[in-house]
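Colleague:
Chains as they are written, first to last, in this note's numbering: chain A, 4 to 373; chain B, 4 to 373.
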């Protein structure tokens, strides 16, 4: 009998930049020319059917004009495409076109595209570099920091994936102008979540500037894009592997993700999160961490952002309660929730513990009354 | 316009132990009881249909007797199961049984099981810990060090996967006694590869003790298991992300993997590698790095290990040449090969470069004459 120790301690630097601005296509190309991804000359642009004609075709064309090999790989827009099957089809298409390990993936689109393409990049040839060119507010709020990539399965959302950091993220606010209003509302749900967990100031800003934001005013949008990045960055920086603090980013998501699945993705992610935020602020109120006024303020701000604040009638409440148990945060079969403390803070239950076990009855009571 | 830097520099320790011995089931259980994977109480045993009754059922039973929650997840034995579809079916079965992020995966079996389960573990809930209980010589030689996990696709082998390090590896030599002889031969191909690239001494040992090894003599097998680990460890340690040196482990694999695919997996991995080693020693001989005698010695040792040394007649040579281009090592559309230097060494073409571009004509000439 013998024992070998395989020593693999090392320093890893996954740092990257997020650039926020209006119309960043040329900057993307010049960054690549200036060595953003080393000597790579082959680029797979991954996008969805909506974003393709709006932005991705243009980026593809600019890459080719700059002398790079590039192809575009497209899937049907929508959360229902965020599956292992779509990933497989894209992989096969890339293999067919001769893509190997000497390529870089550029994800152009919203959160579904960046989640899917980031996961694909991480497993393609055991990992090729990728760049996120985020065209939606939701991607700016949610998908640009943290390295979380994943796909959905019939039984749970975002459960199959990896942590994978991009080479760079571009947040193109100009692209928000072409978003359907519902997508803007949906992205605002994550922004409101960030305000609830970390910044009363951002909460007030949203309350006072909602119309400008909904009209894609440049300054207002740049401000919220910045704030989204700053808040998420501070949380993720302190806890990259999601052991404790990072759980606070799941505010609204325990119920939200379950609703999203039970609605069969009729609800957009942000819409589901908005309803989840309401459910979880009700829970915080019940536990005494949020006043009635603060509870009402959260619901009012969500309404101002044209987001739903009640569980739609077509949702089976019991199915929803059952679905809560598929959440990644479930431990030892117990439901666990992040709890908002007033507006702009969360409850730390013990050192480094930001979620608390909640009985099924308590969860059911709140869901049944929404 | 603004730029955020997301700073993610950190120290990562992926170190783990490899234990080599006879009948290590009890050791596995006691290691878990002693905190090998922290406080985890839920174990998914992943295995194939052949290994299940031989070893995995027993390990499952021992886990349950020790008070853990455990289930077994089985797929059909064979390289053709190493697919994205099998991974998906296993994931769905685990989700169905309520497995979330608070579990550990134990892979019990050969290289196909450890490759597939290691990949699955890395993407399940964005990564859960896994343990490899290797029951084959091939797994000992190939899959226990390096963290390479992957599945095959119709267009290429091992191209979809990740680097993922286990918590511990057990190499149970007692299990080799139940292997079909062909599996022992197949595993020896990787051992012979290790000898060719790094140890003339191991090469001579294999030459002098082949009968003991084929009869699973305890001492001889422990020696080669150790040597396999040592050689692979030294190479991998120096180059964990496969940038340069690690390429030498691909000796025989550029042609081998292509043959494996073109044969539609009628050839076992090791059989295909054996033929690949012959092709690549012929190439080394042609380039003047291997003498005629050394060339003959390699072929003789492969024969002694009952491995094939010629391309089977049913293989379409032109399809094989074409398939070489799907190799992960192809760069800028050019074939690249590791070149053996005598026995026990490889050619370093320039600083840190252990592969050389080979023209399609040269590759074709060798393949046509085998």
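Ideal placement from N, C-alpha and C gives every residue a C-beta, glycine not left out.
Hey, out of 350/A, 264/A, 274/A and 223/A, whose CA is closest to residue 286/A's CA?
Modeller: For this step, residue 286/A is matched to residue 283 along the first chain. Residue 350/A is the option with its Cα nearest to residue 286/A.
Colleague: Tell me the rounded alpha-carbon separation between residue 254/B and residue 54/B.
Modeller: Taking the first residue of the second chain as position 1, residue 254/B is located at position 251. Taking the first residue of the second chain as position 1, residue 54/B is located at position 51. Residue 254/B and residue 54/B: Cα-Cα distance of roughly 29 Å.
Colleague: Which residue spans inside the segment 126-167 of chain A form an unbroken beta strand (DSSP E) run of at least 3?
Modeller: For secondary structure counted as the beta strand (DSSP E) over 3 or more consecutive residues, the segment 126-167 of chain A holds these complete runs in sequence order: 133-137, 151-156 and 159-166.
Colleague: From this set, 304/B, 135/B, 164/B and 75/B, which residue's C-alpha is nearest residue 174/B's C-alpha?
Modeller: Numbered from 1 along the second chain, position 171 holds the residue referred to as residue 174/B. For the residues 304/B, 135/B, 164/B and 75/B, the minimum Cα distance to residue 174/B belongs to 135/B.
Colleague: Which residues in the same chain have their Cβ closer than 6 Å to the Cβ of residue 330/A, if we skip the five residues on either side of it in sequence?
Modeller: Residue 330/A sits at position 327 when you count from the first residue of the first chain. Same-chain partners within the cutoff: 257.
Colleague: Suppose the cutoff is 7 Å on Cβ atoms and the five residues either side in sequence are ignored; what does the same chain contact list for residue 290/B look like?
Modeller: Along the second chain, read from residue 1 onward, the residue named residue 290/B stands at position 287. Cβ within range, chain order: 342.
Colleague: Would you please verify whether the beta carbon of residue 148/A is less than 8 Å from any beta carbon of chain B?
Modeller: For the purposes of this step, residue 148/A is taken as residue 145 along the first chain, with counting starting at 1. Answer yes: the Cβ-Cβ gap between residue 148/A and chain B drops below 8 Å somewhere.
Colleague: Residues in the same chain with beta-carbon distance under 7 Å from residue 259/A, minus the five sequence neighbours each way, listed in chain order, please.
Modeller: Position 256 of the first chain holds residue 259/A. Only 275, 276, 278 and 279 meet the Cβ criterion.
Colleague: Is the CB of residue 151/A under 8 Å away from at least one CB in chain B?
Modeller: Taking the first residue of the first chain as position 1, residue 151/A is located at position 148. Yes, its Cβ sits closer than 8 Å to a Cβ of chain B.
Colleague: Could you tell me which residues DSSP pairs with residue 337/B in its beta bridges?
Modeller: Here residue 337/B corresponds to residue number 334 of the second chain, with the count starting at 1. DSSP lists 334/B as the beta-bridge partner residues of residue 337/B.
Colleague: Cβ of residue 21/A within 8 Å of Cβ of residue 148/A?
Modeller: Start at 1 with the first residue of the first chain, and residue 21/A comes out as number 18. Start at 1 with the first residue of the first chain, and residue 148/A comes out as number 145. Yes; because the gap between Cβ atoms is below 8 Å, this pair is in contact.
Colleague: Can residue 191/A and residue 265/A be called in contact, C-beta distance under 8 Å?
Modeller: Within the first chain, numbered from 1, the residue matching residue 191/A stands at position 188. Within the first chain, numbered from 1, the residue matching residue 265/A stands at position 262. No, these two residues do not count as a Cβ contact at 8 Å.
Colleague: Scan the segment 234-308 of chain A and note each continuous alpha helix (DSSP H) run of 4 residues or more that stays entirely inside, going in chain order.
Modeller: Runs of the alpha helix (DSSP H) lying entirely within the segment 234-308 of chain A, each at least 4 residues long, are 256-265, 272-289 and 295-307 in chain order.
Colleague: Report the residues of the segment 112-142 of chain B with a CB closer than 7 Å to any CB of chain A, ordered along the chain.
Modeller: 125, 126, 127, 128, 129 and 130
Colleague: Exposed or buried, residue 376/A, counting other C-beta atoms within 10 Å across all chains shown (16 or more means buried)?
Modeller: The shown model of chain A, from 4 to 373, leaves out residue 376/A, and the question about it has no answer.
Colleague: Determine whether the Cβ of residue 231/A lies closer than 8 Å to any Cβ atom of chain B.
Modeller: Here residue 231/A is taken as the residue at index 228 of the first chain, counted from 1. So, not an interface residue.
Colleague: Flag this pair as yes or no: are the beta carbons of residue 123/A and residue 108/A separated by less than 8 Å?
Modeller: Here residue 123/A refers to the residue found at position 120 when the first chain is read from its first residue. Here residue 108/A refers to the residue found at position 105 when the first chain is read from its first residue. Closer than 8 Å, so yes.
Colleague: Could you give the first and the last residue of the continuous alpha helix (DSSP H) run that contains residue 206/B?
Modeller: Reading the second chain from its first residue, position 203 is the one you call residue 206/B. Looking at the DSSP string, the run of the alpha helix (DSSP H) that includes residue 206/B is 203-217.
Colleague: Could you check if residue 23/A is buried or exposed, using at least 16 other CB atoms within 10 Å of its CB as the buried criterion?
Modeller: Numbered from 1 along the first chain, position 20 holds the residue referred to as residue 23/A. When all chains shown are included, residue 23/A counts as buried.
Colleague: Of the residues 240/B, 373/B and 307/B, which one's Cα is nearest the Cα of residue 16/B?
Modeller: Locating residue 16/B in the second chain gives position 13, counting from the first residue. It is 240/B.
Colleague: With a threshold of 6 Å on Cβ separation, who are the neighbours of residue 27/A within its own chain once the five nearest residues in sequence on each side are excluded?
Modeller: Position 24 of the first chain holds residue 27/A. Same-chain partners within the cutoff: 173 and 175.
Colleague: Could you please tell me which residues of the segment 5-30 of chain B, in chain order, have their CB closer than 8 Å to any CB of chain A?
Modeller: 5, 6, 7, 8, 9, 10, 11, 12, 13, 14, 15, 16, 17, 18, 19, 20, 21, 22, 23, 24 and 25
Colleague: So which of 231/A, 326/A, 151/A and 232/A has the shortest CA-CA distance to residue 121/A?
Modeller: Counting from 1 along the first chain, the entry for residue 121/A is found at position 118. Among 231/A, 326/A, 151/A and 232/A, the Cα nearest to that of residue 121/A is on 151/A.
Colleague: Since residue 333/A meets chain B, which of its residues come closer than 9 Å, beta carbon to beta carbon?
Modeller: Within the first chain, residue 333/A is the residue found at index 330, counting from 1. Result: 101, 103, 104 and 105.
Colleague: Would you report the Cα separation of residue 46/B and residue 177/B, rounded to the nearest angstrom?
Modeller: Position 43 of the second chain, counted from the first residue, corresponds to residue 46/B. Position 174 of the second chain, counted from the first residue, corresponds to residue 177/B. Going from the Cα of residue 46/B to the Cα of residue 177/B covers about 23 Å.
Colleague: Under the three-state reduction of DSSP, which class applies to residue 50/B: helix, strand or coil?
Modeller: On the second chain, residue 50/B is found 47 positions in, with the first residue counted as 1. Three-state result, residue 50/B: strand.
Colleague: Comparing the C-beta of residue 236/B with each C-beta of chain A, is any distance below 8 Å?
Modeller: As a first step, residue 236/B is located in the second chain; it is residue number 233 there, counting from the start. Yes, its Cβ sits closer than 8 Å to a Cβ of chain A.
Colleague: Quick check on DSSP: helix, strand or coil for residue 77/B?
Modeller: Start at 1 with the first residue of the second chain, and residue 77/B comes out as number 74. Of the three classes helix, strand and coil, the one that applies to residue 77/B here is strand, per DSSP.
Colleague: Is there a Cβ from chain A that is less than 8 Å from the Cβ of residue 144/B?
Modeller: For this step, residue 144/B is matched to residue 141 along the second chain. Interface annotation, residue 144/B: not in contact with chain A, CB-CB separation never under 8 Å.
Colleague: Using a C-beta cutoff of 8 Å, does residue 343/B count as contacting chain A?
Modeller: Mapped onto the second chain, residue 343/B falls at position 340. Judged by the 8 Å Cβ criterion, residue 343/B is not in contact with chain A.
Colleague: In chain order, what residues of the segment 174-191 of chain B put their CB closer than 9 Å to some CB of chain A?
Modeller: Cβ contacts with chain A come from no residue of the segment 174-191 of chain B.
Colleague: To the nearest angstrom, how far is it from the Cα of residue 68/A to the Cα of residue 112/A?
Modeller: The sequence position of residue 68/A within the first chain is 65, counting from 1. The sequence position of residue 112/A within the first chain is 109, counting from 1. Approximately 21 Å between the Cα atoms of the pair.
Colleague: Between residue 223/A and chain B, is there a C-beta pair that is closer than 8 Å?
Modeller: Reading the first chain from its first residue, position 220 is the one you call residue 223/A. With 8 Å as the cut-off, residue 223/A does not count as an interface residue toward chain B.
Colleague: Residue 267/A: which of 228/A, 7/A and 155/A sits nearest, CA to CA?
Modeller: The residue given as residue 267/A occupies position 264 in the first chain. Among 228/A, 7/A and 155/A, the Cα nearest to that of residue 267/A is on 155/A.
Colleague: Helix, strand or coil: which one does DSSP assign to residue 28/B?
Modeller: In the second chain, the residue the question calls residue 28/B occupies position 25. Looking at residue 28/B - three-state DSSP - the assignment turns out to be helix.
Colleague: Rank 25/A, 6/A, 227/A and 270/A by C-alpha distance to the C-alpha of residue 82/A and give the top, closest one.
Modeller: As a working note, residue 82/A is residue 79 in the first chain. Closest by alpha carbon: 270/A.
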